[in-house]
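A.B. asks: Supplied in structure tokens, the structure appears directly below.
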Amino acid sequence: MKKWNVTLSTTEPYNYVGIINVRQGNINSEVMEAQIVQNGLPLDLTDCTATFQAFLGGEHVVERSCKIIDYKKGIVQYTFDEYTMQSLHRQKANIAFYKGEEEIVTTQDFTYFVIHAVSKTPGEMGSYWQTAEDLINDMKDYLNAGKGDFEDWFNSIKDILESIDPGGVLLGKVVAFEKLISERVPNGAWFFIEHDSEYQPEVKVTSYKNAIGTEEGGLDTGPSFGGETISVVPTFIGYDRMKIKIDIPSSFALAGEVVIEGNTLLIIDGENVLNFTLEGATITNGGVTNKI
174 MKKWNVTLST
184 TEPYNYVGII
194 NVRQGNINSE
204 VMEAQIVQNG
214 LPLDLTDCTA
224 TFQAFLGGEH
234 VVERSCKIID
244 YKKGIVQYTF
254 DEYTMQSLHR
264 QKANIAFYKG
274 EEEIVTTQDF
284 TYFVIHAVSK
294 TPGEMGSYWQ
304 TAEDLINDMK
314 DYLNAGKGDF
324 EDWFNSIKDI
334 LESIDPGGVL
344 LGKVVAFEKL
354 ISERVPNGAW
364 FFIEHDSEYQ
374 PEVKVTSYKN
384 AIGTEEGGLD
394 TGPSFGGETI
404 SVVPTFIGYD
414 RMKIKIDIPS
424 SFALAGEVVI
434 EGNTLLIIDG
444 ENVLNFTLEG
454 ATITNGGVTN
464 KI
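The structure is reproduced here in structure tokens:
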């Protein structure tokens, strides 16, 4: 009986399949079924054979036969065995397809995790903490693949967390890492700016609180006159013609009033302000791309 259903592409730059945990010693039960697609459509595997290729520890390659379940629909099945489960923790793999001796196509890489039964005895803490790193790496893969935000990822793995971490230590580490990401890494809080330049103007984003006129209690009611400390906001910038897409850490994100003046765009939410400034261009439009 299949345990995981995944989709593997031969053309997309990255395959995110969620967390596939296979346990050493399990026989004929760690079964993955994969829909193979090319340019978004099922890949016809007529006259093909399939091979599961695991890159253990990033160094050693193991090749094992895959079973093709439906040739026309591109569905294959692989049962993890002692060869592909011989190395613990996070492993990389793909599936290659052959006609005769010739390799005709492979899927993009994906990851799976090989685990022991996890406990917290002093002698096994190394395996426990490696599992924490595996989960954190998977979270980064999930976000990088554009699948969603931390809450979506957390919901997808919470059953695994509960089963391996009844004391909550691992959960605390994952949440602390999410807090770090939300404060320092652009991760899905998107904004856009349209401008009048045919070039790619430099963008500077700052954040501040209680600027003059935004104090919650009225003029000069903030901790210091003129506003509190200005923070430079980390950004990921994408350019289209006369348009800029800006990704910032979610902890800085606002969804308030938009004010445009020359080369400056302000987003004001109560006493909090995001300031977007362009170098050498006039802003014509801008705001929040997705819901904060």
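Under our numbering, the first residue of the sequence shown carries the number 174, and numbering increases by one thereafter. Note that beta-carbon positions come from the ideal geometry of N, C-alpha and C, so glycine has one too. These figures come from a predicted structure and were not determined experimentally.
#1: Between I456 and L438, is the Cβ-Cβ spacing less than 8 Å?
#2: Could you give the DSSP three-state label for S423: helix, strand or coil?
#3: Within 10 angstroms of the Cβ of L447, are there 16 or more other Cβ atoms? Answer buried if so, exposed if not.
#4: What is the DSSP secondary structure of S260, reduced to helix, strand or coil?
#5: Please state if the CB of N194 and the CB of F283 are separated by a distance shorter than 8 Å.
#6: Which one of Q373, I441, I440 has the shortest CA to CA distance from Y412?
#7: Under three-state DSSP, which class holds N383?
#8: State the beta-bridge partners of Q281 as determined by DSSP.
#9: Mapping the DSSP letters down to three states, classify A269 as helix, strand or coil.
#10: Using the C-alpha atoms, what's the distance from E203 back to D254?
#11: List the residues that DSSP assigns as beta-bridge partners of Y207.
#12: Taking the CB atoms as reference points, tell me whether H289 and L261 lie closer together than 8 Å.
#13: Could you name the residues of the same chain whose beta carbon sits closer than 6 Å to that of Q250, not counting the 5 residues immediately before and after it, in chain order?
#14: Under 6 Å Cβ to Cβ from T222, same chain only, skipping five residues before and after it: list those, please.
#15: To the nearest whole angstrom, what separates the beta carbons of V432 and I419, a pair I think is in contact under 8 Å?
#16: Excluding sequence positions up to five away, which residues of its chain have a Cβ less than 8 Å from the Cβ of K175?
#17: Quick one: Cα of I417 to Cα of S238, how far?
#18: So what does DSSP say about H289, is it helix, strand or coil?
#19: Per DSSP, what kind of secondary structure is R414 in: helix, strand or coil?
#20: Going by other Cβ atoms of all chains shown within 10 Å of its Cβ, with 16 needed for buried, is Y187 buried or exposed?
#21: Look at the alpha carbon of I277 and the alpha carbon of G213, and state the distance between them as a whole number of angstroms.
#22: So what does N448 bridge to, in DSSP terms?
#23: With DSSP as the reference, label Q197 as helix, strand or coil.
#24: In angstroms, rounded to a whole number, what distance separates the CA positions of T462 and G230?
C.D. replies: In this structure, then:
#1: Taking the first residue of the sequence shown as 1, we reach residue 456 at position 283. Taking the first residue of the sequence shown as 1, we reach residue 438 at position 265. The answer is yes: Cβ separation under 8 Å.
#2: Stepping through the sequence shown from its first residue, residue 423 is reached at position 250. Here S423 sits in helix by DSSP.
#3: The count along the sequence shown starts at 1 and reaches residue 447 at position 274. Classification of L447: buried, given that the 10 Å Cβ count is 16 or more.
#4: Walking along the sequence shown from the start, residue 260 turns up at place 87. Correct three-state label for S260: coil.
#5: Position 110 of the sequence shown, counting from 1, holds the residue named residue 283. Position 21 of the sequence shown, counting from 1, holds the residue named residue 194. Cβ atoms of F283 and N194: not closer than 8 Å.
#6: The residue given as residue 412 occupies position 239 in the sequence shown. Out of Q373, I441, I440, Q373 has the C-alpha closest to the C-alpha of Y412.
#7: Mapped onto the sequence shown, residue 383 falls at position 210. Reduced to three states, the DSSP call for N383 is coil.
#8: By one-based count along the sequence shown, residue 281 stands at place 108. Bridge partners of Q281 according to DSSP: none are assigned.
#9: Against the sequence shown, residue 269 aligns to sequence position 96. Residue state for A269 is assigned as strand, using DSSP reduced to three classes.
#10: On the sequence shown, position 81 is the one that residue 254 refers to. On the sequence shown, position 30 is the one that residue 203 refers to. When rounded, the distance between both Cα atoms is 8 Å.
#11: For the purposes of this step, residue 207 is identified with residue 34 of the sequence shown, where counting begins at 1. A small correction: the amino acid at residue 207 is Ala; Tyr does not occupy that position in the sequence shown. Checking the DSSP bridge columns, you'll see A207 partnered with V179, V249.
#12: As a position in the sequence shown, residue 289 is number 116, starting the count at 1. As a position in the sequence shown, residue 261 is number 88, starting the count at 1. Yes, Cβ-Cβ distance for H289 and L261 is below 8 Å.
#13: Within the sequence shown, the letter at position 77 stands for residue 250. So the qualifying residues of the chain are E206, K240, I242.
#14: What you label residue 222 is simply residue 49 of the sequence shown in a count that begins at 1. Cβ within range, chain order: Y271.
#15: Locating residue 432 in the sequence shown gives position 259, counting from the first residue. Locating residue 419 in the sequence shown gives position 246, counting from the first residue. Not quite, the Cβ-Cβ distance comes to about 16 Å (not below 8 Å), so this is no contact.
#16: Numbered from its first residue, the sequence shown carries residue 175 at position 2. If we look at K175 and ignore the five residues flanking it on each side, its Cβ neighbours are V204, M205, E206, Q250.
#17: Reading the sequence shown from its first residue, position 244 is the one you call residue 417. Reading the sequence shown from its first residue, position 65 is the one you call residue 238. CA-CA distance, I417 to S238, rounds to 47 Å.
#18: Sequence index remark: in the sequence shown, residue 289 carries index 116 (1-based). For H289, the secondary structure class from DSSP, reduced to helix, strand or coil, is coil.
#19: What you label residue 414 is simply residue 241 of the sequence shown in a count that begins at 1. DSSP places R414 outside both helix and strand once states are collapsed to three, so it counts as coil.
#20: For this step, residue 187 is matched to residue 14 along the sequence shown. Counting Cβ neighbours within 10 Å, Y187 comes out exposed, since fewer than 16 surround it.
#21: On the sequence shown, position 104 is the one that residue 277 refers to. On the sequence shown, position 40 is the one that residue 213 refers to. Straight-line Cα distance between these residues: approximately 18 Å.
#22: As a first step, residue 448 must be located in the sequence shown, where it is residue number 275. T379, L439.
#23: As a first step, residue 197 is located in the sequence shown; it is residue number 24 there, counting from the start. Correct three-state label for Q197: coil.
#24: Counted from its first residue, the sequence shown places residue 462 at position 289. Counted from its first residue, the sequence shown places residue 230 at position 57. Using only the alpha carbons, I get a separation of about 40 Å.
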